[in-house]
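Add 1 to a position in the sequence shown, counting from 1, and you land on the number used in my numbering. The beta-carbon is built from N, C-alpha and C at its ideal position, and this holds for glycine as well. Since this is a predicted model, take the numbers as computed values, not measurements. The block underneath contains the structure these notes are about, expressed in structure tokens.
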Amino acid sequence: MNKRGFGLGWEAIFDILIVLIIIASTIYFITSGTSGKLMQKQVLAKEVCFMLISAEPNSVLEIQAEKINFERRDENLIVKESQFDPGYEYPCYLTEKINFEKIGNSTKITIGSAK
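Quick look at the structure:
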């Protein structure tokens, strides 16, 4: 058995796999960018932040957004599509305490100590 060309075959397979991974990741980023999902999260985060800033203290807001979760980390409002999604963080400086509660397809946002 001749083993002189054995290493060349593995190198070619490795090169082809690397090229396929690069092409697949490029296609993924292009399609996710053109679908506008990131832009939707950005716009939603800004709109919700502006609603929270302009809302009266001790009020309750309900937002109809299927598959969208809201969180608050420090001074940032985070909009996520799933638990594993890193989400989009938008700086939202509020003095009131904010509570997010997911109810079915909507999210109930309590500002301050509303009941």
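Residue i: buried (16+ other C-beta within 10 angstroms of its C-beta) or exposed?
i: G88; result: buried
i: Y91; result: buried
i: F15; result: exposed
i: F71; result: buried
i: K42; result: buried
i: A25; result: exposed
Using a Cβ-Cβ cutoff of less than 7 Å, which residues in the same chain neighbour residue i once the five nearest sequence positions on both sides are dropped?
i: L95; result: L53 and I54
Using C-beta distances below 6 Å, list every residue in its chain close to residue i, excluding the 5 sequence neighbours before and after it, in chain order.
i: K68; result: E82
Closest by CA to residue i, which one among the options?
i: I79; options: N100, I17, V61 and S60; result: N100
i: S114; options: C93, Q65 and K98; result: K98
i: V49; options: N77, N106, I104 and V20; result: N77
Output the boundary residues of the beta strand (DSSP E) element that contains residue i.
i: L95; result: That residue, L95, is in no beta strand (DSSP E); it is neither H nor E in DSSP.
i: K68; result: From DSSP, K68 is part of no beta strand (DSSP E); its letter is neither H nor E.
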